[in-house]
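Below: the structure, in structure tokens.
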Amino acid sequence: MEAISSILRHENYRIEREEMVAGRDAPTTRVVVNLTIRGQRVDTIPFLVVEASGGRWLVQKVDLQAVMAAR
Numbered sequence: 034m035e036a037i038s039s040i041l042r043h044e045n046y047r048i049e050r051e052e053m054v055a056g057r058d059a060p061t062t063r064v065v066v067n068l069t070i071r072g073q074r075v076d077t078i079p080f081l082v083v084e085a086s087g088g089r090w091l092v093q094k095v096d097l098q099a100v101m102a103a104r
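With my numbering as the guide, the letters of the sequence shown map in order to residues 34 to 104.
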């Protein structure tokens, strides 16, 4: 978890779009985000988030390779 958080550490972000993902057991959304990491803009990073109990959202998948390639 610490390695993932260090890769995703950012100064700023912008949500570009959200798309519902069909055919899943739990409500799932693909969130596409632009991040600013070390002053560099990293575009179009997809996160897959799943709604958990109590209205919380958990990240199920994130494209870490796309983040690392842009560094």
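Glycine included, C-beta positions come from ideal geometry on N, C-alpha and C.
By the Cβ neighbour-count rule, V66 is buried, with 16 or more other Cβ atoms within 10 Å of its own.
Straight-line spacing of the CA atoms in I70 and E51 works out to 21 Å. Spanning the alpha carbons of L68 and D76 requires a straight line of approximately 6 Å.
Nearest neighbour of A59 by Cα position, chosen from P79, V83 and S38, turns out to be V83. CA-CA distance, A85 to L91, rounds to 7 Å.
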